[in-house]
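So the sequences go chain by chain: A and B.
Just so it is clear: in the first sequence, position 680 is 680 by my numbering, and no numbers are missing.
Just so it is clear: in the second sequence, position 81 is 1073 by my numbering, and no numbers are missing.
C-beta: ideal position from N, C-alpha, C; glycine also.
Scroll down for the structure; my scribbles are underneath it.
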Amino acid sequence: MPGFRLEQGGLIDRSTPLNFRFDGKSMSGFAGDTLASALLANGVQLMGRSFKYHRPRGVYGSGSEEPNALMTLGRGQEEESNLRATMVDLYDGLDARSQNAWPSLNLDLLSANSMISAFLPAGFYYKIFLGSANFWLLPEYFIRRAAGLGYPNALDNEDDFQHHYQHCDVLVAGGGTSGLAAALAAARSGASVVIVDEHARLGGQGLWRNAEERVFVDAALSELEANPKIKVLTRTTAWGHYDDNMVACIQIEGDPGAPLAPHQPRARAWHMRAQRVIYATGAIERPLVFANNDRPGVMLAHAAGSFASKFGVLIGKRILLATNNDDSYAHASILAQAGAEVTLLDARSAVSAALTAQAKAAQVDLRLGQTVLAAKAGKAGPSAAEIGALDGKSSSLIDCDAIASSGGWSPSIHLHSHTGGKAEWRDDLQAFVAGKRLQEGVTVGAAAGLFGAQDALASGWQQGLAAAQDLGHHQASGEAPRLELAEAPTTTIMPLWSCPKPKILKGKAFVDFQNDASASDVAMANQEGYRSVEHLKRYTTLGMGTDQGKTSNINGHALLAEAQGRAIAEVGTTTFRPPYSPVTLGAFGGPHTGMAFAPIRRTPMQALHAAAGASFVEAGLWYRAEWYSRPGEDMWASIKREALNVRQAVGMCDVSTLGKIDVQGPDAQEFIQRLYCNGMKTLPVGKVRYGLMLRDDGMVFDDGTVARLADQHYYMTTTTAKAAAVLAHMEYHLDVVWPDLKVRVASITDQWAGMSIAGPRSREMLQAALPGLDLSNEGLPFMGFLDTELNGLPIRLLRISFSGELAYEVHTPSRFGPQVWQVLEQVGQDFGLMAYGTEALGALRIEKGHVAGGELDGRTTPADMGLGKMVAKKKDFIGRLGLMREGLSRDDRPRLVGLMPADGRSKFVAGSQLTEAKSVGGFGQITKSLGWVSSAHFSVEHGCTIALGFVENGDRRHGETLYAASPLDGLHVPVTLVSPHMIDPQGERQHG
Amino acid sequence: MMLIPCPWCGPRAESEFTYIGDARRQRPDTSALEVSPEALQAHSDYVYLRDNPKGWHQEYWQHSSGCRAHLKVERNVVDHRIRASVKADEALPSFPEGR
Ligand SMILES: [Zn+2]
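In structure tokens:
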């Protein structure tokens, strides 16, 4: 008979029934239940299907180690998959569904995989690729359908996730007996303490194992509650221990699958920074490896005990419990006292008199030297088991309706391991414990291999005191808590890794339940040469499920060691890495989503652009006006109109996004001189100069303008994209390379608005706006600037050109930006002024052959861009020696060229490769690339696509034809190499 | 996540900083206009060569989301312990071997 609820006992509240559904069936449980205990109480044994073979599975553990009972909860927005039924607290209305079964849990057609398991051996995922290239496509199709767990929720997650930052003296991870003792000791000494536990209530096994321990737990809990120095976080998992004692915790706030209350987060991510960390993380039981040990109704010994004692649910009436260690006697007693008929098989031929007496007193049928060899499947759970001696020679059948097993306990040393701490094998425990540590973390209790409650308490208390004292707190006053057990528990164990020996196993015996890795898979991996535990893991996927091998790793590694005739200590264990248990992705992002993740930077004139019909384009965090639509225009019509208007009349463009840096100090001149590769020393006050900045390796870093405001005061602009990088570059050189230079730099990008006014009528227009000024070539020559006022608003007027036209830039403190823009727009009406966006700007600068982001890609030198003459010969600057390297002065380097379609009309695109091949070859055919197209745009001046690009010797190949190939766009266009100055090569317009 | 002691701001989370690089690398003085092959080699080594020591490592960090100062930190790249941090133009204290 499957599981059922007991009349009494457990920590559940029988006066508060809760209704829930599983696979559409209505069921009920009680407050205090987990989904797993409630399902068992309703007689449900079959809870899911396995990952690879779709074998029927039931709940196996009692906590976060659960490999099998993974469920999907909730619907729609709330739907969440792969939740461990053992970790879900039952709530009214809970809606759970099983996973990985098709069409239904009871009739799963894909369980045929079980029958073809011979064809899915260890290393299958690798072996499949050894066949012909196409062979794997067929099984791949089926495997993709069959494999896997639940589905991710495809809807946008609108849940709230919060981040918290908490500092404390002592963080205690785990709220069992040892953790409680540690927290009390540290807090009584005066230290601030945070204690976290993954379950809904603190206490661990102390809550249900025996009455004496319960007394201690209850007293400790009331003391914790009363002490303001202790912060208690339940449903909170310490999942990762990082540098400098930062412990990452996840607190489940909203019930999974349930709608959230107003302002309730789904989960909280805690960034705990502790002076000392105490790992009271307990231990994880591992199963025995025997045939069909994965059937529903088979589970871990302590899980069977905890379901009975903590939740008042008995997993069967006739329970078979197989073990190799002392701990199981307590669970056998609990089950027997709850009314089950219990047969305890202990593989050891002799045990202490105390244990035999304990079994006898509880009316447990103890059989020494016997173990379980195979579970016999009944309808869902087992109907019987084959039992016998370990040599497997003689066996008999025994009726049972549930099987529990224990292969011993593995301390949870995950957090210790996260910080680089080593694992040490102990033969007396048959387990790895924490070895050498690198951070201020100590293990206590079962996590330290102290499996008895008294020892656990003592170690927690002692380490709690030590941590507080270490931090300068005084010894705690008052009595240490005591725990008087009638009989001190013993913890002896015999090594037992399969029942019987691997070669004579009586069927498929599982090691890793979640990833369907069996004892025979381990044997095969070893046979095929995968001899290290890390190779074993990757070859068989053992330990790679969402449970990270909590119940399986040690068994797998021991079987590998046994197969090699080596000691487990020698074979070692794989490294634990965070997270300890699955962490919902939303918790990592926390509130940093949308605008809180990537805020929008708006220029001061943004609203004016929007009102004028602008479309915006993202440039980093900025949104720049890309073009301004007028009624009846499509995108291209707008762009062409704007570009043409700059060439024919005058246009205005928002350039506020340019980086702006204020440079001041007695050595400002010297610094600017070293920063740019072109001469800056002679730049007089009142003049502005174009500047090219290199990296130390000689490649161009950025370009921009430098205006000298005063003897020791410069105003620099950078490109929009490199603004932050240029500032950091300057700060680095001032702080680290030339700390003797007396210079200060500050970003003033956000403090200044900028607009470019370009076109043949720009001077006329500005003259009208600024009637008192002389804007002639004498009054404001090319590359001159002056600070003045426009309608009483302060402006800086610079005569610089990016478009190749007669052009100016007007800069003004950000708060005046919109007003200045509007005044200029008003004045400009008489001169045909139109706003233009970044598309037209791009087209104009390509026509002029001005380099920008596409050309400044970190691989090009000044000479590559035809700017070699700018490089100063008689001064030192960043990148000077880099440029002298042989490879950078070679003749055949790629050089900047202009590109036009040979037929005068075909479109081609940036990113194309330039080649001599007349056609795009077939797949795998290789043609030599002679260069690439770096920027391309439609040119109003030429009426076709024009582009800039780089070609070997390009500057000497004007007139030649190459092909711009972009297989991704299906384009292969003959293009003619021309001078990059595709308009006004002499620069008469901008100087005009 | 490491806690990096900024000489101006005190211990702050690693996420506020930008790693800059090996602090024992000194940029050779390039001010002489004549460049010898040796000077070119030294500069090239400075740009391209990095040691990858196991253990203590002197390195520059910038407190980029803080005061923006550069600092010199001595950090053990094996276990991420930091035993000293000073302003960029100051010398790190010396430690006895093996500490
Ligand atoms: Zn700082």
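Item                                                                                                                                                                           : Value
Is it the case that the Cβ atoms of Val433 (chain A) and Ala181 (chain A) are separated by a distance below 9 angstroms?                                                       : no
Buried or exposed: which applies to Ile504 (chain A), given that a residue is buried once 16 or more other Cβ atoms fall within 10 Å of its Cβ?                                : exposed
Given that a residue counts as buried once 16 or more other Cβ atoms are within 10 Å of its Cβ, and exposed if not, what is Leu1041 (chain B)?                                 : exposed
Taking any heavy atom of ligand 1 as the mark, which residues have a C-beta closer than 6 angstroms to it, listed down the chain?                                              : B:Cys998, B:Trp1000, B:Cys1001, B:His1055, B:Gly1058, B:Cys1059, B:Ala1061
Taking the beta strand (DSSP E) that Lys231 (chain A) belongs to, which residues open and close that run?                                                                      : 230-233
With 9 angstroms as the C-beta to C-beta threshold (strictly closer), list the residues of the region 1070-1082 of chain B near chain A in chain order.                        : Val1070, Asp1071, His1072, Arg1073, Ile1074, Lys1079, Ala1080, Asp1081
Residues of the region 878-904 of chain A with a CB closer than 8 angstroms to any CB of chain B: list them in chain order, please.                                            : Arg880, Leu881, Gly882, Met884, Arg885
Across which residues does DSSP place Lys1064 (chain B) in a beta bridge pair?                                                                                                 : B:Tyr1052, B:Val1078
With respect to the beta strand (DSSP E) encompassing Lys660 (chain A), which residues constitute its N-terminal and C-terminal limits?                                        : 659-664
I want to verify the contact list: residues of chain A whose CB lies under 8 angstroms from the CB of Arg1060 (chain B), in sequence order.                                    : Glu731
Please report how far the alpha carbon of Arg1019 (chain B) lies from the alpha carbon of Asp159 (chain A), in whole angstroms.                                                : 51 angstroms
Tell me the rounded alpha-carbon separation between Gly63 (chain A) and Ala447 (chain A).                                                                                      : 15 angstroms
Only counting runs of 4 or more residues, tell me where the alpha helix (DSSP H) segments fall wholly within the region 207-258 of chain A, in order along the chain.          : 211-226
Is there contact between the region 1041-1053 of chain B and the region 1004-1019 of chain B, where contact requires at least three CB pairs shorter than 8 angstroms?         : yes
Residues of chain A with CB closer than 8 angstroms to the CB of Ser1023 (chain B), please, in chain order.                                                                    : Asp876
Just to check my reading of the structure: Leu35 (chain A) and Leu314 (chain A) have Cβ atoms closer than 8 angstroms, yes? What is that Cβ distance to the nearest angstrom?  : Not a contact, Cβ separation roughly 18 angstroms.
Taking Cβ positions only, does Ala587 (chain A) come closer than 9 angstroms to chain B?                                                                                       : no
DSSP three-state label for Pro591 (chain A), please.                                                                                                                           : coil
May I ask you to list, following chain order, the residues of the region 688-707 of chain A that have a beta carbon less than 7 angstroms from some beta carbon of chain B?    : Asp696, Asp697
Could you tell me which residues DSSP pairs with Val975 (chain A) in its beta bridges?                                                                                         : A:Pro901, A:Leu962
What ranges does the beta strand (DSSP E) occupy inside the region 486-562 of chain A, keeping only unbroken runs of at least 3 residues that lie completely in it?            : 510-512
Are Pro430 (chain A) and His302 (chain A) closer than 9 angstroms when you measure CB to CB?                                                                                   : According to the sequence displayed, residue 430 (chain A) carries Gln and not Pro. No, the Cβ-Cβ distance between Gln430 (chain A) and His302 (chain A) is not below 9 angstroms.
Ala200 (chain A): buried (16+ other C-beta within 10 angstroms of its C-beta) or exposed?                                                                                      : exposed
Taking CB distances under 9 angstroms as the criterion, tell me whether His164 (chain A) reaches chain B.                                                                      : no
Between the C-alpha atoms of Asp750 (chain A) and Arg799 (chain A), what's the straight-line distance to the nearest angstrom?                                                 : 22 angstroms
For Ser638 (chain A), does the count of other Cβ atoms within 10 angstroms reach 16, so buried, or fall short, so exposed?                                                     : buried
At 7 angstroms on the CB atoms, spell out the chain A contacts of Val1039 (chain B), in chain order.                                                                           : Asp696, Asp697, Gly882
For the beta strand (DSSP E) that Tyr165 (chain A) lies in, which residues bound it at each end?                                                                               : 161-173
Taking the alpha-carbon of Gly879 (chain A) as reference, which of A:Thr861, A:Asp891, A:Asp740 has the nearest alpha-carbon?                                                  : A:Thr861
What distance in whole Å lies between the Cβ atoms of Ala517 (chain A) and Thr540 (chain A), which are believed to be in contact at a cut-off of 8 angstroms?                  : 5 angstroms
Report all residues from its chain with a CB closer than 7 angstroms to the CB of Gly150 (chain A); omit the five preceding and five following residues, and keep chain order. : Leu70, Thr72, Ser81, Asn82, Gln99
Return the Cβ separation of Thr812 (chain A) and Leu793 (chain A) in integer angstroms, given the expectation that the two are a contact with Cβ distance under 8 angstroms.   : 6 angstroms
Is His418 (chain A) helix, strand or coil by DSSP?                                                                                                                             : helix
Report the three-state DSSP secondary structure of Thr1022 (chain B) (helix, strand or coil).                                                                                  : coil
Can you check which of these residues, A:Gly754, A:Ala668, A:Ala362, A:Thr573, is closest to Ser1045 (chain A) by C-alpha distance?                                            : Summary: the structure shown does not reach residue 1045 (chain A), with chain A confined to residues 1 through 992, and so no result is reported for it.
Would you identify the three-state DSSP class for Pro1035 (chain B), choosing helix, strand or coil?                                                                           : The identity of residue 1035 (chain B) in the sequence shown is His, whereas the question assumes Pro. Looking at His1035 (chain B) - three-state DSSP - the assignment turns out to be helix.
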